[in-house]
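Structure first, then comments.
Number of protein chains: 2
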Amino acid sequence: MKKHQITIMDIARELNISKSTVSRALTGHPKVNTQTRKAVLELAERMDYQPNMFSINLLKNKSNAIGVIVPEFISSFFPQVILGVQEVAQASGYTVLIAQCNESYEQEVANAKTLLTNQVDGLIVSLTKETLNFDHLKVFQRKGIPVVFFNRVCEEMEVPRVIVDDYEGAYRATEHLIQTGRRRIAHLAGPATLAISRKRLNGYLDALRKHTIPIRDELIICYDLTMEKVNIYINHLLNLPEPPDALFCINDPTAIQAMQVIKGRGLRIPHDIAVTGFSNDYYSAYIEPSLTTVAQPVREMGRVAAQLLLDQVETDSDKPIIRQLQTELIIRNSTGGTQPVG
Amino acid sequence: MKKHQITIMDIARELNISKSTVSRALTGHPKVNTQTRKAVLELAERMDYQPNMFSINLLKNKSNAIGVIVPEFISSFFPQVILGVQEVAQASGYTVLIAQCNESYEQEVANAKTLLTNQVDGLIVSLTKETLNFDHLKVFQRKGIPVVFFNRVCEEMEVPRVIVDDYEGAYRATEHLIQTGRRRIAHLAGPATLAISRKRLNGYLDALRKHTIPIRDELIICYDLTMEKVNIYINHLLNLPEPPDALFCINDPTAIQAMQVIKGRGLRIPHDIAVTGFSNDYYSAYIEPSLTTVAQPVREMGRVAAQLLLDQVETDSDKPIIRQLQTELIIRNSTGGTQPVG
DNA sequence: CTGTTAGCGCATTCAG
DNA sequence: CTGAATGCGCTAACAG
Numbered sequence: 015m016k017k018h019q020i021t022i023m024d025i026a027r028e029l030n031i032s033k034s035t036v037s038r039a040l041t042g043h044p045k046v047n048t049q050t051r052k053a054v055l056e057l058a059e060r061m062d063y064q065p066n067m068f069s070i071n072l073l074k075n076k077s078n079a080i081g082v083i084v085p086e087f088i089s090s091f092f093p094q095v096i097l098g099v100q101e102v103a104q105a106s107g108y109t110v111l112i113a114q115c116n117e118s119y120e121q122e123v124a125n126a127k128t129l130l131t132n133q134v135d136g137l138i139v140s141l142t143k144e145t146l147n148f149d150h151l152k153v154f155q156r157k158g159i160p161v162v163f164f165n166r167v168c169e170e171m172e173v174p175r176v177i178v179d180d181y182e183g184a185y186r187a188t189e190h191l192i193q194t195g196r197r198r199i200a201h202l203a204g205p206a207t208l209a210i211s212r213k214r215l216n217g218y219l220d221a222l223r224k225h226t227i228p229i230r231d232e233l234i235i236c237y238d239l240t241m242e243k244v245n246i247y248i249n250h251l252l253n254l255p256e257p258p259d260a261l262f263c264i265n266d267p268t269a270i271q272a273m274q275v276i277k278g279r280g281l282r283i284p285h286d287i288a289v290t291g292f293s294n295d296y297y298s299a300y301i302e303p304s305l306t307t308v309a310q311p312v313r314e315m316g317r318v319a320a321q322l323l324l325d326q327v328e329t330d331s332d333k334p335i336i337r338q339l340q341t342e343l344i345i346r347n348s349t350g351g352t353q354p355v356g
Numbered sequence: 015m016k017k018h019q020i021t022i023m024d025i026a027r028e029l030n031i032s033k034s035t036v037s038r039a040l041t042g043h044p045k046v047n048t049q050t051r052k053a054v055l056e057l058a059e060r061m062d063y064q065p066n067m068f069s070i071n072l073l074k075n076k077s078n079a080i081g082v083i084v085p086e087f088i089s090s091f092f093p094q095v096i097l098g099v100q101e102v103a104q105a106s107g108y109t110v111l112i113a114q115c116n117e118s119y120e121q122e123v124a125n126a127k128t129l130l131t132n133q134v135d136g137l138i139v140s141l142t143k144e145t146l147n148f149d150h151l152k153v154f155q156r157k158g159i160p161v162v163f164f165n166r167v168c169e170e171m172e173v174p175r176v177i178v179d180d181y182e183g184a185y186r187a188t189e190h191l192i193q194t195g196r197r198r199i200a201h202l203a204g205p206a207t208l209a210i211s212r213k214r215l216n217g218y219l220d221a222l223r224k225h226t227i228p229i230r231d232e233l234i235i236c237y238d239l240t241m242e243k244v245n246i247y248i249n250h251l252l253n254l255p256e257p258p259d260a261l262f263c264i265n266d267p268t269a270i271q272a273m274q275v276i277k278g279r280g281l282r283i284p285h286d287i288a289v290t291g292f293s294n295d296y297y298s299a300y301i302e303p304s305l306t307t308v309a310q311p312v313r314e315m316g317r318v319a320a321q322l323l324l325d326q327v328e329t330d331s332d333k334p335i336i337r338q339l340q341t342e343l344i345i346r347n348s349t350g351g352t353q354p355v356g
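First to last, the sequence lines map onto chains A and B. Quick note: the first sequence uses this note's numbering, first residue 15, plus one each step. Quick note: the second sequence uses this note's numbering, first residue 15, plus one each step.
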């Protein structure tokens, strides 16, 4: 069982014509005798000819592949973005190479190197929570390979970004908590390294200010997105002399884990403490109580990112466009909402 | 911003030596003057030389990439398998091309074609629920490209498979329900096209037989894995004159959706009806009540599949090994268990 | 319209 | 040890 491939030469020999004519026929070149073309096409089909991409790539210096680097893909957020990416990439004849990093900077660097080695035509990236240095991505720019960020973007590189209005989403989530009568609203924030953490924090802060609710530092905790830390910090918050009556979490996995801890202590959600997340993950409607959260147009983010990338790949243009998509507040039972589950 | 690449020729010219010597130095050929080697390596490093994979692939007729085709990747099962695949593939210097099918046969065929075009060195596949024809995968065999199945396998192709003991997992889940006093145990099964559906069904049936519990056809429903159908069938089951007191679901997403319907009708889980799933998805511990389920060694499946594939890729061997991994029954609250959540 | 030639970048012959 | 030459499969430029 050895690999063997039909080549243009095989079919040229069979038909007793030149390789170039075969190539022309196959690539739809106009100036080919109709009969020859037909014969070639038929034989190619019959012999199950597949062009050798290695050769074509070499000739064109193009892989027709784009890379996607995501920090993780266990939560449903990134897989769904990738669906959007694949959708438009596939439509334009590009293959998508996916690399995930387990939230590790080191792995991100390794993945970038792999994709560089594989000579992708472009790169879509969402950073790990650890990433502070961007040399491994700047290499792509330097080599003329377009890069697009989404979600967790790099603000110091002049490349297109696809984001949502994190500030406004956080603002509205917080305002919703205020409107349902909460006053001691805690925020379990993400690491300050991530711009989305900072923006969501600002949205939270401004909502409090707008409604003249005092900001209490002890109710704001930045953490590293590991589930073990959630347990520690939530317990800490609940042990405060004046514990919070609401909790706005940086994302849904955090909120869901927090709810476990809260319920484990016998507190009722939303009666004793309301909880909101961010992103509307797949299971957030299914947990008990269902989670109020800020939905992002996930798949659309992927589509837009891919489109921005392909625009650059195919035109060699180079504009650092920022595309900001809208969020939507989904009110469910964890904040006392009464929307049906599903 | 045009793509440009450093080639061996560039560094040969710079050092005023032949291209072949540079190549030899770069590839660690033994018979190269130590000084020349050092000079080449240094310059390559300094000029940030990256070998052109297109060229190497063409020469070696090898892409150093393997493909993975999964039916979906919104639930956590497939992403986790892929983590395992990437782990061992990366360790052996292979890139992983991931393709997902949205449970569509048509998309699976398209994905197979893409991966074939990209000339992957091997292919790992889990089938969509629709797949009945395997021509698009047999092509790989015919071309001498190794294929390995996992989870949703094709039984008519003589290639390695990585599976779990679905029969036994289902048997134990069902037996657990019986041991907690249930007698009218319904089974929401998967489509009969999938071997895992049939095996899990058999495990369920044998557990009933073993405990001399009558098998009632009206309590066994095969469905197409779409969430809308879950609603319909669960309502149907609950509307029976003698509704079930337990429910064994083909997988966790099904179980979780079923629980929504059950709770929506005001029934208590597990008091009125116990529920179990299969696979131990990421969120199954977090829902209320937490879900009793059959855990599969997910990541390990990916590792094993990749290892079996690479063995074939690198040795041209061709043995249809079947690797069956063990499952573990995880008892949680949806069947009255008292294990802590998390 | 068709055939011949060259060359993409590299590793590997074969001569020195 | 090193250089020159070959060819992986294909397309494009150049002659007919």
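No residue lacks a Cβ here, since even glycine has one placed at the ideal position from N, Cα and C.
> Taking the Cβ atom as the reference point for each residue, do Ser-77(A) and Gln-155(A) lie within a distance shorter than 8 angstroms?
Replying inline: no
> For Gln-121(A), which option in Gln-94(A), His-150(A), Gln-100(A) and Gln-104(A) has the closest C-alpha, if you only look at C-alpha atoms?
Replying inline: His-150(A)
> Of all the options Pro-267(A), Tyr-218(A), Asp-135(A) and Asn-249(A), which has the alpha carbon lying nearest to the alpha carbon of Val-162(A)?
Replying inline: Asp-135(A)
> Do you know offhand how far Asn-347(A)'s Cα is from Thr-306(A)'s?
Replying inline: 7 angstroms
> What are the partner residues of His-201(B), as DSSP defines its beta bridges?
Replying inline: Ile-234(B) and Phe-262(B)
> Can you list, in chain order, the residues of the region 95-120 of chain B whose Cβ is nearer than 9 angstroms to any Cβ on chain A?
Replying inline: Ile-96, Leu-97, Gln-100, Gln-104, Thr-109, Val-110, Leu-111, Ile-112, Ala-113, Gln-114 and Asn-116
> Can you tell me where the beta strand (DSSP E) with Ala-26(B) in it begins and where it stops?
Replying inline: Unbroken run through Ala-26(B) is the alpha helix (DSSP H), 22-29; no beta strand (DSSP E).
> Roughly how many angstroms lie between the CA atoms of Pro-93(B) and Leu-208(B), to the nearest whole one?
Replying inline: 20 angstroms
> Run through DSSP, which three-state label would Val-355(B) get?
Replying inline: Any reading at Val-355(B) is ruled out, since the residue's pLDDT is 34, under 50, leaving its predicted position unreliable.
> In the structure shown, what three-state DSSP assignment does Leu-359(A) receive?
Replying inline: Shown here, chain A extends from 15 to 356; a query on residue 359(A) therefore has no answer.
>> Quick check on the DSSP output: what are the complete alpha helix (DSSP H) runs of length 4 or more inside the region 165-224 of chain B, in order along the chain?
In response: 180-193 and 209-224
> So with Cβ pairs under 8 angstroms, would you call Tyr-237(A) a contact of chain B?
Replying inline: no
>> Can you tell me where the beta strand (DSSP E) holding Gln-114(B) begins and where it ends?
In response: 109-114
> Beta carbon of Glu-342(A): closer than 7 angstroms to some heavy atom of the ligand MN?
Replying inline: By its list of ligands, the structure shown contains no ligand whatsoever, and the ligand MN lies outside what it can speak to.
>> Less than 8 angstroms between C-beta atoms, sequence neighbours within five positions excluded: which residues of the same chain meet that for Leu-322(B)?
In response: Val-162, Pro-174, Val-176, Ile-335 and Arg-337
> When the cut-off is 8 angstroms and only beta carbons count, does Asn-347(A) lie next to chain B?
Replying inline: no
>> For Leu-111(A), tell me which candidate among Tyr-119(B), Gly-278(B) and Ile-80(B) has the shortest Cα-Cα distance.
In response: Ile-80(B)
> Can you find a CB in chain A that lies within less than 8 angstroms of the CB of Phe-68(B)?
Replying inline: yes
>> Below 7 angstroms on C-beta distance, what does Asn-132(B) contact in chain A?
In response: Met-67 and Thr-109
> Between the region 190-209 of chain A and the region 243-254 of chain A, do at least 3 Cβ pairs fall closer than 8 angstroms?
Replying inline: yes
> Expressed to the nearest angstrom, what Euclidean distance is found between the alpha-carbon atoms of Glu-169(A) and Phe-148(A)?
Replying inline: 10 angstroms
>> Between the alpha carbons of Asn-71(A) and Ile-70(B), how many angstroms are there, rounded?
In response: 11 angstroms
> Under 8 angstroms between C-beta atoms, does Gln-274(A) make it to chain B?
Replying inline: yes
>> If you follow the beta strand (DSSP E) that Ile-283(B) is in, where does it begin and where does it stop?
In response: Taken as a continuous stretch (DSSP letters only), Ile-283(B) belongs to no beta strand (DSSP E), as it is neither H nor E.
> What does Asn-71(B) touch in chain A if you count any residue whose Cβ is under 7 angstroms from its own?
Replying inline: Phe-68
> Is it a yes or a no for the region 103-118 of chain A touching the region 48-60 of chain B, going by three-plus beta-carbon pairs under 8 angstroms?
Replying inline: no
> Around the C-beta of Ile-287(B), are 16 or more other C-beta atoms found within 10 angstroms, so that it is buried, or is it exposed?
Replying inline: buried
>> Residues of chain B with CB closer than 9 angstroms to the CB of Ile-138(A), please, in chain order.
In response: The premise fails here: Ile-138(A) is roughly 14 angstroms from chain B at the closest Cβ pair, so nothing lies under 9 angstroms.
>> Can you tell me whether Gly-183(A) is buried or exposed? The criterion is at least 16 other CB atoms within 10 Å of its CB, across all chains shown.
In response: buried
> In its own chain, which residues sit with a C-beta less than 8 angstroms from the C-beta of Asn-216(B), not counting the 5 before and 5 after it?
Replying inline: Tyr-181 and Ala-184
>> Tell me whether the region 217-235 of chain A and the region 308-323 of chain A touch, counting them as touching only if at least three CB pairs, one residue from each stretch, are closer than 8 angstroms.
In response: no
>> For the region 261-270 of chain A against the region 293-311 of chain A, do three or more pairs of beta-carbon atoms, one drawn from each stretch, fall closer than 8 angstroms, so that the two count as touching?
In response: yes
>> Starting from Thr-349(B), trace the alpha helix (DSSP H) in both directions and tell me its first and last residue.
In response: From DSSP, Thr-349(B) is part of no alpha helix (DSSP H); its letter is neither H nor E.
> Once you ignore the five residues that flank Val-275(B) on each side, which residues in its own chain have a CB closer than 6 angstroms to its CB?
Replying inline: Asn-245 and Ile-248
> Looking at Ala-269(B) and Thr-240(B), is the spacing between their C-beta atoms short of 8 angstroms?
Replying inline: no
> How close, in whole Å, do the beta carbons of Gln-310(B) and Thr-349(B) come, if the pair is a contact with beta carbons under 8 angstroms?
Replying inline: Not quite, the Cβ-Cβ distance comes to about 18 angstroms (not below 8 angstroms), so this is no contact.
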